[in-house]
């Protein structure tokens with residue numbers, strides 16, 4: 024008896040497909056796929072969410088000194104001439120950052136093994152590289168998704184049957200975060 028569904032693919036193709044689908048599910052909140060794929064996606068996604076719930080508050084706030092470039096009223100960096108060269112002027116500021124404890128750092132790295140990097144493109148400037156921004160899915164898991172499920176013991180996803188696909192009559196389902 025197999026421990027997982029092979030989905031008619033080689034192991035590398037299957038791994039890429041599942042990583043892609045889990046990333047899309049956590050980024051968008053719901054996706055439409057076949058029933059067999061959804062059941063495999065559920066295993067991975069619920070494991071990641073459970074990990075995030077377990078480690079959501081496992082960090083400490085630390086104050087550090089950071090060098091930040093001084094900016095003028097237009098938002099451009101202030102430069103001054105030193106020894107005949109233009110050099111940017113920096114100010115030291117205190118910043119508070121979240122420092123992960125070792126177990127949370129390990130959880131973060133486990134999540135990064137599964138999740139692909141996601142770029143968000145604004146609809147007004149679709150297709151432009153300039154306005155795209157990187158979405159930190161691991162931070163989203165810890166900051167948004169985990170607190171939502173903190174009092175829940177598993178069952179973070181729901182599979183709703185939609186019907187059969189027209190082309191090959193495969194059962195299509197909607198998998199969503201509860």
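Numbering (the numbering used here), first residue to last: 24 to 201.
Just so it is clear, CB atoms sit at the ideal spot from N, CA and C, and this is done for glycine as well.
Predicted model only: the values in this text are computed from it and were never measured.
Of the residues the options, the one placed nearest residue i, counting alpha carbons only
i           : options            : result
residue 30  : 48, 200, 58, 129   : 58
residue 169 : 146, 127, 186, 197 : 127
residue 71  : 85, 49, 35         : 49
residue 166 : 110, 27, 77        : 77
residue 73  : 161, 196, 104      : 161
residue 199 : 44, 109, 35, 32    : 44
residue 99  : 105, 111, 89, 106  : 111
residue 240 : 103, 193, 68, 122  : Because the chain spans 24 through 201 in this model, residue 240 falls outside it and cannot be assessed.
residue 79  : 130, 26, 152       : 130
residue 163 : 51, 36, 153        : 51
Endpoints, the beta strand (DSSP E) within which residue i is located
i           : result
residue 86  : 82-92
residue 186 : 180-187
residue 58  : Where residue 58 is concerned, there is no enclosing beta strand (DSSP E), although the alpha helix (DSSP H) it sits in stretches over 58-78.
residue 46  : It is not in any beta strand (DSSP E) - residue 46 instead sits in the alpha helix (DSSP H) that spans 34-51.
residue 104 : 102-105
residue 116 : 113-123
residue 143 : 141-143
Residues near residue i in its chain [Cβ-Cβ closer than 7 Å; skip 5 each side]
i           : result
residue 140 : 157
residue 143 : 155, 156, 158
residue 91  : 113, 114, 116
residue 188 : 195
residue 197 : 53, 55, 183, 185
residue 172 : 72, 76, 179
residue 67  : 41, 45, 137
residue 103 : 110, 112
residue 32  : 40
Burial state of residue i, where buried means 16 or more other Cβ atoms lie within 10 Å
i           : result
residue 134 : buried
residue 56  : buried
residue 46  : buried
residue 63  : buried
residue 179 : buried
residue 120 : exposed
residue 60  : buried
Host alpha helix (DSSP H) of residue i (start-end)
i           : result
residue 194 : Residue 194 -> not in any alpha helix (DSSP H); beta strand (DSSP E) instead, spanning 194-200.
residue 161 : 160-163
Closer than 8 Å to chain C by CB, residue i
i           : result
residue 142 : Here chain C cannot be found, since the structure has a single protein chain.
Own chain, CB closer than 6 Å to residue i, minus 5 neighbours either side, in chain order
i           : result
residue 93  : 101, 112, 114
residue 108 : none
residue 125 : none
Do the segment 33-41 and the segment 181-188 meet, that is, are 3 or more Cβ pairs less than 8 Å apart?
-> no
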